[in-house]
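Below is one structure; the comments refer to it alone.
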């Protein structure tokens, strides 16, 4: 068989199989919700069974102006009530006036959100940028950009009697619900994620529940 | 990671002009399924893979040469809760995880073929060399990766079916095993890689 013909057959055969394989590369069709995570952390040395009462403000803190532009307060009441219900289920009694009764732990809720922008393109233009940063599009053209909002709700449990790093008032448990800020969020979805914070933190149960 | 395959492909194309009758090469599509503990990280059969064998005839029944391949597995797991421990802090992460493993096979191997050159030729083969495992675990926008090279072996059985004077249909089944190396991204004591692959392609040469 002539060399050129053999080379052609090889090239066609190899490229066909490579193309078939690459076209089969799995894409999972991830939804916005697939980028949400619930992260919890605690200090194992801390004894949660001794706790009985908690305090939680009736406001969720927005950490900056950008956060307020991205995240509405539409779900604040739902978030606060769901957290309170879970704490109650864990055996905690809510204290509303810290001047009257000093709670064992205090919960603080805060939201932060920011917009990321990713540039894509060819030539020298393919690089990552961060909205608000100092990565202007240079080195030739880029084809476009994709921006997405990323946000997080942080719930921190603080015990003013615990000393950590030489300071009183250590965070003994913390949780973060984070991901892409999408428009398709529902009450049941959000409730499920908030409940998950406590489902994966069974050690939070006070002695009152045992 | 794609460099070895690129080099192999270029080598094959640039040397094809000087190939004589004692050489043959196979290019094939590879469907692979993980086995053993590797399956606990990616539990899916992947159709994304291909391979390339370049063989020299040592005799009428024995060939030896290079066995190159690429396979990728990727699976999504929703609602996974994974425990973690960092220094004095413990906790858990719940969310959707995407597990991906890219694997390259770079081995030397041979085949023993039964029958004559114009017959349907069953064969068995054995290859040894290196197999890579590039594991990636993605949770939300965070990606953890772990890449290791393993010493590996890959026995195989197959069939060459003549199609025309210089080409044959190449069907084979291969078991690839990479011995323990490095650390895994998932909870196993030894990081190995093992998978079965069914390969179908064409052999050119004589």
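Chains as they are written, first to last, in this note's numbering: chain A, 6 to 215; chain B, 20 to 225. Even for Gly, the Cβ is constructed at its ideal location relative to N, Cα and C. Note that this is a predicted model, so its numbers are computed, not measured.
Assignment of residue 138 (chain B) by DSSP, reduced to helix, strand and coil, places it in the coil class. Of all residues in the segment 184-206 of chain A, those with a C-beta nearer than 7 Å to a C-beta of chain B are 184, 201, 205, reading in chain order. Around the beta carbon of residue 61 (chain A), 16 or more other beta carbons lie within 10 angstroms, which makes this residue buried. Listed in chain order, the non-local C-beta contacts of residue 172 (chain B) below 6 Å within the same chain comprise 147, 196, local neighbours out to five positions each way being set aside. Residue pairing by DSSP places residue 221 (chain B) opposite B:46, B:188 in a beta bridge. With fewer than 16 other beta carbons inside 10 angstroms of its own, residue 191 (chain A) counts as exposed.
Rounded to whole angstroms, the gap between the alpha carbons of residue 84 (chain B) and residue 45 (chain B) is 11 Å. Residue 198 (chain A) and residue 90 (chain B) have their C-alpha atoms some 36 Å from each other.
For residue 73 (chain A), the closest C-alpha among the options A:204, A:207, A:18, A:158 is that of A:158. In the three-state scheme derived from DSSP, where H, G and I count as helix and E and B as strand, residue 72 (chain A) is classed as helix. Ranked by Cα distance from residue 85 (chain A), the first of A:20, A:70, A:205, A:65 is A:65. Around residue 174 (chain A), the same chain offers 163, 165 as residues with beta carbons nearer than 7 Å, after the five sequence neighbours per side are excluded. Under the DSSP assignment, residue 198 (chain A) falls in the alpha helix (DSSP H) whose first and last residues are 192-204.
In the DSSP assignment, residue 161 (chain A) forms a beta bridge with A:113, A:179.
Assignment of residue 97 (chain B) by DSSP, reduced to helix, strand and coil, places it in the strand class.
With its beta carbon less than 8 Å from one in chain A, residue 158 (chain B) belongs to the interface. Annotated three-state conformation of residue 18 (chain A) is helix, per DSSP. Of all residues in the segment 63-81 of chain B, the ones placed with a Cβ closer than 9 Å to any Cβ belonging to chain A are 63, 65, 66, 67, 68, 69, 70, 71, in chain order. Here the C-alpha atom of residue 97 (chain B) lies approximately 12 Å from the C-alpha atom of residue 112 (chain B). Against residue 205 (chain B), chain A offers no close residue; the least beta-carbon distance is about 18 Å (beta-carbon pairs closer than 9 Å). Distance from the Cα of residue 51 (chain A) is smallest, within the candidate group A:98, A:179, A:70, for A:179. For residue 92 (chain A), no beta strand (DSSP E) segment is defined; the enclosing uninterrupted segment is the alpha helix (DSSP H) at 81-94.
Scanning its chain for C-beta atoms nearer than 7 Å, with the 5 sequence neighbours on each side dropped, one finds around residue 220 (chain B) the residues 45, 46, 47, 48, 189, in chain order.
The C-alpha of residue 155 (chain B) is placed about 9 Å away from the C-alpha of residue 121 (chain B). Residue state for residue 108 (chain A) is assigned as coil, using DSSP reduced to three classes.
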